[in-house]
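What follows is a single structure, written as structure tokens, with notes after it.
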Amino acid sequence: MTAPTRIPGRRLLHSPGPTSIPDEVLDAMHRQPMDLADPRVSESITACEDGLRWLCNAPADAGVFMYAANGHGAWEVAIENLLPRGAKVLVPGTGHFSDGWAAQVEMLGRRAVRTPWREGLPIDPAAVEAVLRADTAREIIAVFMVHTDTASSVTSEIDAMRRAIDAAAHPALFVVDAVATLGALPIDLQRQRIDVVVGASQKGLMLPPGLGFVVVNAPALEVSRRNDAPRAYWDWTRRIGGLPYQKFFGTVPMHLMFGLRASLGLLRQEGLENVYARHRQLAGAVQAAVEGWGEGGALGPYCRDAAARSVSVTAIAATPVGGFDPDALRTLARERFQVAVAGGLGPLAGKVFRIGHLGDLNAAMVLGALGGVEAALVSLRVPHGPGLRRAVEFLARD
């Protein structure tokens, strides 16, 4: 039998980003562009700014600055606006993504202080407090926290980090990378006293990649005004103004604006408490499946702290006696069973595979993904327990 030229149906996308895009968002983006003077362009930008403030519970005077960039671009926005050249920032260790942010800090002529990464565990608040207490000269300008490290699927507590900063009585700004959690977990800029939230479009906001943004409170805006480091495109103070061209320091990526407005509308329509409850339920189903598969002895959850397991993504590790290649499993799941999951990054490359469960998803989609992964486990003769059944049982009783 010859291979088909077309695979019927849809391939299930279960990476932690990009994620599945709702039809309503695709429809909103499926239109001709407008000239920048069209009032509908400004209206869409304003709706997106207001929606991001709402999503982060930011005050009305918080700045919302959007960039034609991915999450790494949004990291650079925080670095360039808050840190003078040679300034010091604390980046608590979470693994691949905290290492990446710290490296970017250093590439741009600043200094990064790291706390140790504890494999499979969240950030240690005591280590953060100790570094800040030791900084008696108050050289550290900010704490850059990765809320969920998607490489390891470990989520650290924002409230615990805020308490550590307060316990050290340190004036450092609190900057949170919520790229993998915004729209999946509550982010509360005011209650959690976050100074800057860093986000991107392709995860819980259910958009294509290409839009990075920051939500900035008044103290952080003031710090940026005093920062004499040269910057142009990334300078958020240049984006303060009423004209679309000003807000993007050039041409507006208006289709992403149209899509973001639609996605924020979907979140409002569902209600944030329902959105967060749905993510908890679907994450619980995936985690139940992984625990079930783990009974075979060949694989298990990478995150060792059950309370720190992400609602956005689950990393599954091959055990030392697992005897299988996670990347081969991913390829088989994608090409034979039409389920696309993610691989390991950085130090976890070739050691884990990752199932994303955030954004525009429901129980049937998650069960389909788990079924495809389990079929790949069977095909590769990887010893495993009843994962799919455990997920079904979890959803049935929940």
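Start counting the sequence shown at -15; every next residue gets the next number (our numbering).
The beta-carbon is built from N, C-alpha and C at its ideal position, and this holds for glycine as well.
Check your understanding: Which value, in whole angstroms, describes the spacing of the CA atoms of V138 and T78?
Key -> 8 Å
**Study point:** Run of the beta strand (DSSP E) containing D161, from where it starts to where it stops
**Key:** L157 to D161
Review point. Helix, strand or coil: how does DSSP classify Y217 here?
Key: coil
**Study point:** Proximity to V305 [Cα-Cα], best of V259, H368, R338 and V295
**Key:** H368
Review point. By the 10 Å Cβ neighbour count, where 16 or more other Cβ atoms means buried, how is G293 classified, buried or exposed?
Key: Correcting the residue type first, residue 293 is Arg in the shown sequence and not Gly. R293 should be labelled buried.
Review point. What whole-angstrom Cβ distance do A126 and A156 have, given they're in contact under 8 Å?
Key: The Cβ separation is near 5 Å, so the contact holds.
Check your understanding: Secondary structure at H131, three-state DSSP: helix, strand or coil?
Key -> DSSP places H131 outside both helix and strand once states are collapsed to three, so it counts as coil.
Check your understanding: Within the chosen definition, does the region 29 to 46 reach the region 166 to 186 through at least 3 CB pairs nearer than 8 Å?
Key -> yes
Review point. If we ignore side chains and look at the alpha-carbon of each, how far apart do V336 and R95 end up?
Key: 31 Å
Point to revise | M241 vs I29 beta-carbon contact at 8 Å | key: In contact: M241 and I29 (Cβ atoms closer than 8 Å).
**Study point:** Nearest-angstrom Cα separation, counted from D7 out to G334
**Key:** 34 Å
Check your understanding: Between which two residues does the beta strand (DSSP E) harbouring K335 extend?
Key -> Segment: none, K335 is in no beta strand (DSSP E) and carries neither H nor E.
Exercise for review: Would you kindly work out how many angstroms separate the C-alpha atoms of R223 and V362, rounded to a whole number?
Suggested key: Taking the Cα positions, R223 is about 54 Å away from V362.
Review point. Between R245 and the rest of its own chain, which residues show a CB-CB distance below 8 Å, the 5 nearest in sequence each way excluded?
Key: A12, S28, A31, C32 and G35
Practice item. Starting from the Cα of V376, find the closest Cα among V73, E275 and S4 and give me that residue. Key: E275
Practice item. Under 8 Å by Cβ, that's how I've got A261 and L66 pegged, so tell me the actual separation to the nearest angstrom. Key: That belief does not hold up - the Cβ atoms of A261 and L66 are roughly 34 Å apart, past 8 Å.
Exercise for review: Could you check how far apart the C-beta atoms of F128 and A87 are, in whole angstroms? I think they sit under 8 Å.
Suggested key: Contact flag wrong, Cβ pair sits at about 12 Å.
**Study point:** Simplified DSSP assignment, three categories, for M13
**Key:** helix
Exercise for review: Specify the secondary structure class of G355 as computed by DSSP and reduced to three states.
Suggested key: In the structure shown, G355 falls within a helical segment according to DSSP collapsed to helix, strand and coil.
Exercise for review: Using beta-carbon positions only, say whether V323 and H(-2) come within less than 8 Å of one another.
Suggested key: In this structure, H(-2) lies closer than 8 Å to V323 by Cβ.
Point to revise | Cα-Cα separation, D289 to F81 | key: Within the model, the alpha-carbon separation for D289 versus F81 is close to 19 Å.
Practice item. Determine the DSSP secondary structure at V323, reduced to helix, strand or coil. Key: strand
Exercise for review: Pull up the DSSP beta-bridge partners for K72, would you.
Suggested key: R95 and I124
**Study point:** Where the beta strand (DSSP E) containing G183 begins and where it ends
**Key:** Run containing G183: V180 to A184, per the beta strand (DSSP E) assignment.
Check your understanding: According to DSSP, what are the bridge partners of I171?
Key -> According to DSSP, which records beta bridges pairwise, I171 is partnered with nothing at all.
Review point. Using DSSP with H/G/I as helix, E/B as strand and the rest coil, what is G225?
Key: The answer is coil: DSSP assigns G225 none of H, G, I, E or B.
Review point. Buried or exposed: T315, going by 16 or more other Cβ atoms within 10 Å of its Cβ?
Key: exposed
Point to revise | Through-space distance from V112 to A151, alpha-carbon basis | key: 10 Å
Check your understanding: Under the DSSP definition of a beta bridge, which residues are partnered with T303?
Key -> DSSP lists no partner for T303.
Check your understanding: How about L232 and M91: are their beta carbons less than 8 Å apart?
Key -> In the sequence as presented, Leu is not what sits at residue 232; that position holds Phe. Result no, Cβ atoms of F232 and M91 do not sit closer than 8 Å.
Check your understanding: So what does DSSP say about G328, is it helix, strand or coil?
Key -> In this structure, G328 counts as coil in the three-state DSSP scheme.
Point to revise | Among S140, E103, A110 and R98, the one whose alpha carbon lies nearest that of I124 | key: R98
Point to revise | Sequence-distant residues of the same chain with beta carbon closer than 8 Å to L191, five excluded per side | key: Answer for L191: I5, V9, S185, L240, G243, L244 and S247, listed in chain order.
Point to revise | Cβ distance (whole Å) where L116 is taken to contact I149 below 8 Å | key: 6 Å
**Study point:** Cross-strand partners of L(-4) (DSSP beta bridge)
**Key:** V323
Practice item. Measure the C-alpha to C-alpha separation of I(-9) and L313 and round it to an integer number of angstroms. Key: Our two residues, I(-9) and L313, have alpha carbons roughly 20 Å apart in a direct line.
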